[in-house]
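Numbering (the numbering used here), first residue to last: 457 to 897. C-beta: ideal position from N, C-alpha, C; glycine also. The next block holds one structure in the form of structure tokens; read it before the comments.
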Ligand SMILES: Nc1ncnc2c1ncn2[C@@H]1O[C@H](COP(=O)(O)OP(=O)(O)OP(=O)(O)O)[C@@H](O)[C@H]1O
Ligand SMILES: [Mg+2]
């Protein structure tokens, strides 16, 4: 396919002229986070030193499109994706076509596997690595599931353990230690379908389980080496990725989050969920930065929460948070990883913006050390919005895009080489492209 779908070819001249002006020399990547409360589209240039310059950002409420991280309404999801992507590409000044997509939902299971092959004293070849990873994949796969990630941890050659890259070494036997993550085939098929219906291109391997995205944005290699759990408390899910000795030890997706807090509040206050969400955010924000009484005098609206109401909201929210963190703490204990997480727990996700989160979480997660993660050291550009904990997962996805696409990046509307988009996908893409062109001319 050419740069433009046929019906747009006459605008090609305009596009070419604008393109010269807009295309930066740094590779550009795009990611989409399908959250239970909001869809986030983010566009960024990969810079040196593992940094990203965020040049496009778009957020749209998920509404009824997802429940606990799983798509339950395709047209609603497509509409929200298009809104988020439209915003992001308008800000970025160029259209988005290829995306890496993050999600968290649908009976996700992560399992450690060991696979051994005979070498008979020859050198380990890259094809041996492929073979062991393929073998691990087939050991974990099930009829109604799909493999999302096959993550090599370490290798052992004969009796020599903890080899990060065995290619070129000789021995009698190669053993691979692999973490394989599988999800529901139906849930993943609906995700892929929705993204394609939105006119976007999602390559194989570019669907990322969201706790891995958050980990990528927030953890250093040192954190992983010393042992750490990143816990993303979102709207419909609480996700966790645990790292020990430099590699992934476990991933979890629990179907609870801020939405449960809102529901509890709706019951206690006898109001709708929409109203409860508004009251919750307003009350908690007020507790984080109490209003200046002089400025507020005479201006406070009757809808604004009183101090008593804020404390009541806090009580309800904390009760649910205690339950969620209790589940996380118990899980870490049951995995017997409690003493192996020297860097403790790094919290992220929308809920961690609430007041007093660290001391509160610290009480429940004791003796694990608790911090709130930040993407600030890793981003430039549209930083103010993007640093909020609710966006760390989306930022992390850009790293996956960079690793997966390499230098062969967001080539405007051309899509993925060797994968011509189907006609029906062009409809949404073309209309978004049109919107974008209208914006820039
Ligand atoms: N200041 C705050 N205090 C408490 N909760 C907050 C605050 N700001 C946002 N939230 C809550 O955070 C939740 C949204 O978090 P986030 O944006 O990380 O979720 P999501 O990515 O849409 O969902 P998920 O990851 O679970 O699929 C909402 O329930 C919202 O009410
Ligand atoms: Mg999320």
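Could you spell out the range, first to last residue, of the beta strand (DSSP E) harbouring residue 487? Boundaries of the beta strand (DSSP E) around residue 487: 484-490.
Taking 8 Å as the threshold (C-beta atoms), are residue 691 and residue 492 in contact? yes
Out of curiosity, what's the CA-to-CA distance linking residue 808 and residue 584? When rounded, the separation of the alpha-carbon atoms in residue 808 and residue 584 is 44 Å.
Considering residue 841, what are the terminal residues of the alpha helix (DSSP H) in which it resides? 839-842
Return yes when at least one heavy atom of ligand 4 lies under 7 Å from the C-beta of residue 590, else no. You won't find ligand 4 in this model; what it holds is ligand 1 and ligand 2.
Helix, strand or coil: how does DSSP classify residue 814 here? In the structure shown, the three-state DSSP call for residue 814 is helix.
Using only alpha-carbon positions, find the residue among 658, 631, 575 and 520 that is nearest to residue 487. 658
Among 510, 490 and 494, which one has its Cα closest to the Cα of residue 834? 510
Output the distance between the C-alpha atoms of residue 839 and residue 507, rounded to the nearest integer angstrom. 12 Å
Just the C-alpha distance for residue 685 and residue 520, rounded to the nearest angstrom, thanks. Roughly 30 Å separates the two Cα atoms.
Residue 733 beta carbon near ligand 1 (any heavy atom closer than 7 Å): yes
Please say whether residue 847 and residue 496 have beta carbons closer to each other than 8 Å? The beta carbons of residue 496 and residue 847 sit closer together than 8 Å.
Inspect the beta-carbon positions of residue 592 and residue 623 and report whether they are closer than 8 Å. no
beta-carbon residue 740 near ligand 1 non-hydrogen atom, thresh 7 Å: Yes, the beta carbon of residue 740 sits closer than 7 Å to at least one heavy atom of ligand 1.
Since residue 618 is in the beta strand (DSSP E), which residue starts that stretch and which ends it? 616-619 is the extent of the beta strand (DSSP E) around residue 618.
When DSSP labels each residue in this structure, what does residue 847 get in the three-state scheme? helix
Hey, would you say the C-beta of residue 715 is under 7 Å away from at least one heavy atom of ligand 1? yes
Per DSSP, residue 494 is paired with what? 517
For residue 679, which of 558, 797, 858 and 823 has the nearest alpha-carbon? The shortest Cα separation from residue 679 among 558, 797, 858 and 823 belongs to 797.
Same chain only: Cβ atoms within 6 Å of residue 780, ignoring 5 sequence neighbours per side: 694 and 712.
Is residue 828 closer than 8 Å to residue 803 when the C-beta atoms are compared? Yes, Cβ-Cβ distance for residue 803 and residue 828 is below 8 Å.
Does ligand 2 have even one heavy atom less than 7 Å from the beta-carbon of residue 561? False, no ligand heavy atom lies under 7 Å from that Cβ.
Leaving out five residues on either side along the sequence, give the residues of the same chain with a beta carbon under 7 Å from the beta carbon of residue 618. 610
If you pair each beta-carbon of the segment 819-828 with each one of the segment 659-667, do three or more pairs fall below 8 Å? no
Residue 768: which of 794, 790 and 738 sits nearest, CA to CA? Checking every option, the nearest Cα to that of residue 768 belongs to 738.
How many angstroms separate the CA atom of residue 567 from the CA atom of residue 559? Taking the straight line joining both Cα atoms gives about 19 Å.
In terms of alpha-carbon separation, which member of 548, 743, 539 and 579 lies closest to residue 655? 539
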